[in-house]
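Peer 1: Take the sequence shown: its position 46, counting from 1, is numbered 46 in UniProt numbering, and each next residue is one higher.
Built from N, CA and C at the ideal position, the CB exists for glycine as well.
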Amino acid sequence: AQLTGPEIIQETTKKIIQIVRRKPLEFQVGDKVILKVSPWKGVVRFGKRGKLNLRYIGPFKVLEKVGTVAYRLELPQ
Numbered sequence: 001a002q003l004t005g006p007e008i009i010q011e012t013t014k015k016i017i018q019i020v021r022r023k024p025l026e027f028q029v030g031d032k033v034i035l036k037v038s039p040w041k042g043v044v045r046f047g048k049r050g051k052l053n054l055r056y057i058g059p060f061k062v063l064e065k066v067g068t069v070a071y072r073l074e075l076p077q
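Given below as structure tokens:
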């Protein structure tokens, strides 16, 4: 199913609108967050592989904001 000229333009326009409307996530100190685990980047939990892998771990408490999109979390020892 290959897209033709007008369909490509329509699809691209939809994606641009979604990106513009997307609100950036911001967290406050004390909020609980979950982390996305990416098996492609070498993080494998409990030796599982494939689509049954855990994709998110947590929740973890936000301790402080250290950058515009970076946060220090309270991780288990």
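Decide yes or no for the touch test of the stretch 29 to 37 against the stretch 1 to 13: beta carbon pairs closer than 8 Å, at least 3 of them.
Peer 2: Cβ pair count under 8 Å is below three, so no.
Peer 1: Residue 68: which of 55, 26, 7 sits nearest, CA to CA?
Peer 2: Checked all of 55, 26, 7; the closest Cα to residue 68 is 26.
Peer 1: Tell me the rounded alpha-carbon separation between residue 73 and residue 2.
Peer 2: So the alpha carbons of these two residues sit roughly 44 Å apart.
Peer 1: Short of 8 Å in beta carbon distance, which residues of its chain neighbour residue 36, apart from the five on each side in sequence? Order them along the chain.
Peer 2: Result list for residue 36: 55, 56, in chain order.
Peer 1: If I follow the unbroken alpha helix (DSSP H) through residue 6, where does it start and stop?
Peer 2: Element bounds for residue 6: 5 to 21.
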